[in-house]
Amino acid sequence: MEFDLSLLLNGIVSGLLLGGLYAAAASGLAVSFGMLDIVNIAHPALMVTGAFTVVALGTWLGLDPLVVAVLQAPLFYVFGIGIYNAYHHFFEKRGDEALQGLAFFFGVMFIIEVGLVMVFGPEQRFLDPSYAYTTWRIGDIDLPLRMLVPGLFAMASIGGLFLYLHRSFTGLAIAAVAQDAEALRLMAIDPVRIKRLAFGISIALASMAGGALVVVQPVEPSSGQVFIGRVFAICIMGGMASLPGCIMAALLFGVVENVTATFFGPSWSPAVAFGWLLLVLAFRPQGLFGKAA
Amino acid sequence: MSEVFFRAAGLGKRFGGFVALAEVDIELRAGERLGLIGPNGSGKSTFVNCISGDFGEHDGQVTLGGVALGGLKPHRRARLGMARTFQLPQPFNSLNVLENVRVPLLFAGHAAEATDRAMACLEQVEMADKARKLPKELTQVEQRRLELARAIALQPRLLIADEAMAGLSNTEVDQIIALLFKLNEAGAAVIMIEHIMRAVTAFSERLVVFVAGRKIADGPPRDVLALAEVEGAYLGKQ
Amino acid sequence: MNTHLRFWLGAAALGLALVAGLRLLGNDYGYFAGYFVLQYVVLAGAWNILGGYAGYVNFGAAGFMAAGAYSAIVVRQWLGWDLIPGIFAAAFVAGLLGLGTGYLTLRLKGVYFSIATLCLAVVLQTLVVNWDYVGGSRGAYIIHARDIPPFNSYSEMLFIVMLALAIITTGIGRAVEMSRLGRGLQAIRDNERAAEAVGVPTLRLKLVATTLCGALMGVAGAPLPYYSGYLNPEAAFSLAYAVNAIAMPLIGGAGTWAGPVIGAVLLASLQQAATVTISSALNLWIVGWMLVIFVAVAPRGILGWFRRRA
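Protein chains in written order, with the numbering used here: chain U, 1 to 293; chain R, 294 to 531; chain A, 532 to 841.
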């Protein structure tokens with residue numbers, strides 16, 4: 001193949017846009033996995049659930065998918081609190097997180113995925129907003145709004161999360177729970193309450209990422225599977241609990257994956273996710289953007 | 294006097310910019326009883342984690358019986374004769390007391406007579422009658438005894454008792470001290486890391502004091518405790 | 532009598548009784564249903580070696596199993612090897628895969644190994660889909676083993692092969708449980724740091740376990756292309772394998788050699804019976820719920836539950 005600069009540039013730019021979506025998908029995990037040490041492998045499945053409810057509600061109400069994503073987020077917050085309560089009661093309290101707790105989330109992931117097939121059927125669903133077929137052009141570079149709008153939406157929601165974690169009292173308590181749950185107890189704050197709240201937020205973020213996902217691409221019940229590798233790789237590369245690290249890793253990841261897809265064909269891109277994850281785990285387990293241990 | 298068999302030279306460990314341990318030299322003779330004291334955060338635990346191999350990388354060298362331990366994992370050091378107990382007892386919770394003690398024996402090349410040897414270790418710590426119990430059914434002091442039994446199953450030349458008496462009553466402390474004396478007579482040098490001064494002074498032939506990651510004193514307990522800086526840095530603040 | 536000998540004789544007698552019973556029944560469906568159940572005995576037993584004893588969760592059962600199935604296809608197409616050598620090839624390839632994944636991730640916290648196995652299935656599927664030699668996404672048509680004389684029928688032969696594999700896997704599980712390796716793995720599960728401190732070579736034991744676990748999962752998959760006659764990536768990497776491999780040992784009683792057998796026979800029979808009456812999606816949904824409910828309410832599985840009452 002002849003090397004084509006504009007192909008490469010476009011690959012990079014749409015990779016960055018794709019990275020925005022990945023950042024949205026991984027930011028919730030940075031809260032649950034990174035800060036709370038809860039290995040929620042059902043996170044991508046919950047994101048896909050969010051995408052399906054966006055399609056259902058958006059079709060019914062005739063609203064833009066991203067608006068629906070914001071409107072439905074409180075429902076997922078409550079759902080997340082329910083999941084955490086079950087997890088805490090049966091596993092965290094008993095010290096059974098490592099084996100049984102992990103199996104629990106695997107079961108939840110599975111129930112969600114099969115449940116989606118039963119409710120919505122196995123075929124692909126999509127919901128095109130009005131701007132889906134508009135593309136801005138800057139020189140040789142295409143900026144499809146189908147990618148740009150969800151990317152900006154993702155950045156806005158992560159920005160909101162960042163402010164919440166750094167400015168509000170509860171947000172600071174969440175950051176503290178990541179460091180030292182005992183210290184919180186000494187401050188008369190119940191770490192379980194904080195974790196419950198934070199986990200609810202992480203699931204709300206998953207559902208919003210689902211809204212962004214359905215604008216970018218059609219979804220099917222098993223769409224979550226390829227995202228498992230991506231979001232965990234991004235979260236680990238980003239240094240676990242760091243939102244800026246998470247965004248950087250997601251953008252980088254989007255670019256690498258998209259350039260791979262441009263030059264080698266899209267069917268190879270899932271392999272990139274795993275390859276990266278393994279390399280990171282093998283050589284830099286503290287993350288590309290994390291501090292050296 | 295017997296030979297120096299354990300030597301830590303220029304030991305140091307940093308976490309990011311924080312110096313947890315710096316330029317520590319400690320030598321130990323076979324069968325010696327050493328007390329290691331210092332305020333919280335003075336580097337005692339870091340020292341233990343460095344010599345036991347829990348921290349893969351640190352400055353300086355550690356040798357045991359002439360073997361350089363650099364780069365060796367904890368299980369290799371354990372088999373070379375270095376045993377430790379943990380500040381919080383860390384039993385294998387799903388295995389009963391006897392099985393807990395059999396684990397080190399199975400991997401130290403005593404698989405065939407593991408049960409007999411494990412029972413002998415339990416008798417040494419007066420726990421033979423508890424052999425079939427699960428760790429969670431034991432009292433605090435019994436868990437400490439189990440921890441010691443598991444350590445001596447390695448037939449250690451060096452036993453590191455890391456706050457093995459925290460949270461125990463006075464009589465229980467006396468029991469553990471007596472036990473450590475017994476193990477010492479059987480041939481193991483002991484490093485006792487302890488906050489309970491009564492225990493340290495009763496047990497130690499020699500005392501080392503850490504403050505802020507450095508060794509500030511090393512000598513007979515009477516002399517060390519008389520040093521003004523030890524009193525100021527450590528005892529004065531107790 | 533030696534306890535090991537007693538186990539093998541008992542298992543062989545039970546196996547012979549099963550074969551005799553199915554011959555009397557004289558119905559091919561019996562062999563097919565039996566194969567379905569027994570492949571899960573192998574898969575669940577394999578998972579248990581790493582997950583049950585050492586407490587490390589392998590989510591990639593479908594990936595390892597498919598690696599085994601496709602190894603059998605490759606050696607068949609490339610070298611003309613039949614079923615039995617295909618099983619050895621599958622064990623070798625999937626075992627290497629387990630070793631590699633373990634080597635790259637096991638020096639870290641255990642959950643990284645779990646996450647890596649989760650992605651492994653996705654990536655192996657990508658590779659297979661892009662690999663025309665084994666049929667790509669269309670799948671591979673083979674594959675009919677040459678009939679071997681002592682067997683009455685092809686399906687009986689497959690059943691008996693899988694029966695032998697199930698007995699061997701269970702025997703291996705039992706041998707691990709009673710050996711030094713098993714004790715070391717249990718010590719790792721309970722407290723890895725303490726295990727290392729008392730002289731257990733934790734990394735080496737974990738690598739032995741991941742290799743064994745991967746190899747046996749591959750073995751479970753090797754006869755699959757012969758059984759179904761046709762294999763495509765979607766079927767080989769089916770999530771059903773991954774969820775069952777975890778659910779069965781946990782429901783039966785993880786960390787005991789009999790637990791996976793009980794869980795597999797129970798759950799697989801249930802599913803086999805249910806596919807006749809209800810949809811396959813609902814079927815899997817029930818397995819998911821059973822997994823979640825069991826780990827929550829009876830975290831030590833059926834065996835653990837009875838032991839506590841006893």
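Every residue, glycine too, gets a C-beta built ideally from N, C-alpha and C.
Who are residue i's beta bridge partners in DSSP?
{"i": "R/Val317", "result": "R/Leu304"}
{"i": "R/Lys508", "result": "R/Phe503"}
{"i": "R/Leu243", "result": "Summary: the structure shown does not reach residue 243 of chain R, with chain R confined to residues 294 through 531, and so no result is reported for it."}
{"i": "R/Phe311", "result": "R/Phe308"}
{"i": "R/Asp352", "result": "R/Gly305"}
{"i": "R/Arg322", "result": "R/Val297"}
{"i": "U/Val219", "result": "U/Arg125"}
With DSSP as the reference, label residue i as helix, strand or coil.
{"i": "R/Leu357", "result": "strand"}
{"i": "U/Thr135", "result": "strand"}
{"i": "A/Ile824", "result": "helix"}
{"i": "A/Leu637", "result": "coil"}
{"i": "A/Ala671", "result": "strand"}
{"i": "A/Tyr562", "result": "helix"}
{"i": "U/Phe199", "result": "helix"}
{"i": "U/Leu63", "result": "coil"}
{"i": "R/Gln531", "result": "Low per-residue confidence applies at R/Gln531: pLDDT is 43, beneath 50, and the placement is therefore not dependable, though the value from the model is reported in the following sentence. Note: R/Gln531 maps to coil in three-state DSSP."}
{"i": "R/Leu362", "result": "coil"}
{"i": "U/Leu165", "result": "helix"}
{"i": "A/Val774", "result": "helix"}
{"i": "U/Phe91", "result": "helix"}
With a threshold of 8 angstroms between beta carbons, is residue i in contact with chain R?
{"i": "A/Phe613", "result": "A small fix is needed here, since residue 613 of chain A is Asp in this sequence, not Phe. So, not an interface residue."}
{"i": "A/Glu708", "result": "no"}
{"i": "A/Arg705", "result": "no"}
{"i": "A/Arg714", "result": "yes"}
{"i": "A/Gly730", "result": "yes"}
What are the start and end residues of the beta strand (DSSP E) that includes residue i?
{"i": "R/Val501", "result": "Arg499 to Val504"}
{"i": "U/Asp142", "result": "Ile141 to Pro144"}
Going by DSSP, what residue range makes up the alpha helix (DSSP H) through residue i?
{"i": "R/Gly328", "result": "No alpha helix (DSSP H) contains R/Gly328, which is instead part of the beta strand (DSSP E) from Arg326 to Ile330."}
{"i": "R/Val341", "result": "Lys337 to Ser345"}
{"i": "R/Val483", "result": "That residue, R/Val483, is in no alpha helix (DSSP H); its beta strand (DSSP E) goes Ala482 to Ile486."}
{"i": "U/Asn10", "result": "Leu5 to Leu29"}
{"i": "U/Gln100", "result": "That residue, U/Gln100, is in no alpha helix (DSSP H); it is neither H nor E in DSSP."}
{"i": "A/Glu708", "result": "Tyr685 to Met709"}
{"i": "A/Tyr758", "result": "Leu755 to Ser759"}
{"i": "A/Leu536", "result": "Thr534 to Leu556"}
Could you tell me whether any Cβ in chain U is nearer than 8 angstroms to the Cβ of residue i?
{"i": "A/Leu822", "result": "yes"}
{"i": "A/Thr657", "result": "yes"}
{"i": "A/Val665", "result": "no"}
{"i": "A/Pro830", "result": "yes"}
{"i": "A/Thr733", "result": "no"}
{"i": "A/Thr636", "result": "yes"}
{"i": "A/Ala671", "result": "no"}
{"i": "A/Tyr643", "result": "yes"}
{"i": "A/Gly845", "result": "As shown, chain A starts at 532 and ends at 841. That puts residue 845 of chain A outside it, with no answer to give."}
{"i": "A/Phe595", "result": "no"}
{"i": "A/Gly784", "result": "no"}
Beta carbon of residue i: closer than 7 angstroms to some heavy atom of the ligand ZN?
{"i": "R/His488", "result": "Only the bare structure without any ligand can be found here, which leaves the ligand ZN out of the picture."}
Could one say the Cβ of residue i lies closer than 8 angstroms to chain A's Cβ atoms, at least one of them?
{"i": "U/Ile192", "result": "It is Val, not Ile, that sits at residue 192 of chain U in the sequence shown. False, the Cβ-Cβ gap to chain A never drops below 8 angstroms."}
{"i": "R/Lys530", "result": "In this prediction, R/Lys530 scores a pLDDT of 48, lower than 50, which makes its location untrustworthy; the coordinate-derived value is nonetheless stated afterwards. With 8 angstroms as the cut-off, R/Lys530 does not count as an interface residue toward chain A."}
{"i": "U/Leu21", "result": "no"}
{"i": "U/Ile83", "result": "no"}
{"i": "R/Lys306", "result": "no"}
{"i": "R/Pro449", "result": "no"}
{"i": "U/Ala292", "result": "With a pLDDT of 40 at U/Ala292, under the threshold of 50, the predicted position of this residue should be treated as unreliable, and no value is reported."}
{"i": "U/Met1", "result": "Note that U/Met1 scores a pLDDT of 49, beneath 50, so its modelled location is shaky; the value from the coordinates is reported in the next line. Chain A, which has no Cβ nearer than 8 angstroms to the Cβ of U/Met1, makes this no."}
Give me the Cβ distance between residue i and residue j, rounded to the nearest whole Å; I'm assuming they're in contact under 8 angstroms.
{"i": "A/Val654", "j": "U/Phe52", "result": "Not a contact, Cβ separation roughly 25 angstroms."}
{"i": "R/Ala454", "j": "R/Leu473", "result": "6 angstroms"}
{"i": "A/Arg750", "j": "A/Tyr584", "result": "At residue 750 of chain A the sequence reads Val, which differs from the Arg that was named. About 18 angstroms separates the two Cβ atoms, so there is no contact after all."}
{"i": "R/Arg377", "j": "R/Val341", "result": "7 angstroms"}
{"i": "R/Pro367", "j": "A/Ala564", "result": "Not quite, the Cβ-Cβ distance comes to about 50 angstroms (not below 8 angstroms), so this is no contact."}
{"i": "U/Gly224", "j": "U/Met47", "result": "6 angstroms"}
{"i": "A/Arg607", "j": "A/Gly599", "result": "That belief does not hold up - the Cβ atoms of A/Arg607 and A/Gly599 are roughly 13 angstroms apart, past 8 angstroms."}
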